[in-house]
Amino acid sequence: MKKNLFKFSILFLLTAALLVSIITSCGVSKNQEHSTKPVQYAQSEVPVTIEYWHVNTENFGGPTVRELVEEFNKTHSKIKVTDKFNPNSYTGLMQNL
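The numbering of the sequence shown is the numbering used here, which starts it at 1 and goes up by one.
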């Protein structure tokens, strides 16, 4: 009986400590100011380049990937995507890492 009461007491204290830490960590500090202003990001004239690695062969989706990349590049002037085929399926992807 004492062992069960001891286990219950420990469980209760741990649960209470967890609840207190959750409740206090979700609050807002009095020193924090909330801003509704949008975040300003640095603007660059040079487009960002992203290399999209894929395993789509000529017979299995490769032309579609190139078409989608071209379409994306036409509609996003500040981002340039290049596709890179990785031979040998996922082994090629792992070798390029």
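Backbone N, C-alpha and C define an ideal beta-carbon position, used for all residues, glycine too.
Taking only three categories from DSSP, how would you classify E51?
Stepping through the sequence shown from its first residue, residue 51 is reached at position 51. In the three-state scheme derived from DSSP, where H, G and I count as helix and E and B as strand, E51 is classed as strand.
Just curious, the alpha helix (DSSP H) that K37 is in, first and last residue?
Translated into the one-based positions of the sequence shown, residue 37 becomes position 37. Note, K37: premise wrong, no alpha helix (DSSP H); not H, not E.
Note down the Cα distance separating V46 from K78, rounded to an integer number of angstroms.
As a working mapping, residue 46 is identified with position 46 in the sequence shown. As a working mapping, residue 78 is identified with position 78 in the sequence shown. Pairing V46 with K78, the inter-Cα distance amounts to about 7 Å.
Validate contact between the region 45–64 and the region 10–25 using beta carbons, cut 8 Å, 3 pairs:
Inter-segment contact for the region 45–64 and the region 10–25 is absent: fewer than three beta-carbon pairs are separated by less than 8 Å.
When DSSP builds the beta bridges, which residues end up paired with T82?
Within the sequence shown, numbered from 1, the residue matching residue 82 stands at position 82. The partner list for T82 (beta bridge, DSSP) reads E51.
Pull up the distance between the alpha-carbon of T82 and that of E58, whole angstroms please.
For the purposes of this step, residue 82 is taken as the residue at position 82 of the sequence shown. For the purposes of this step, residue 58 is taken as the residue at position 58 of the sequence shown. T82 and E58: Cα-Cα distance of roughly 16 Å.
Flag this pair as yes or no: are the beta carbons of V65 and N73 separated by less than 7 Å?
Residue numbering aside, residue 65 sits at position 65 when the sequence shown is read from its first letter. Residue numbering aside, residue 73 sits at position 73 when the sequence shown is read from its first letter. Against a cut-off of 7 Å, the Cβ pair of N73 and V65 comes out as no contact.
Helix, strand or coil, according to DSSP, for E71 in the structure here?
As a working mapping, residue 71 is identified with position 71 in the sequence shown. E71 falls in the helix class under three-state DSSP.
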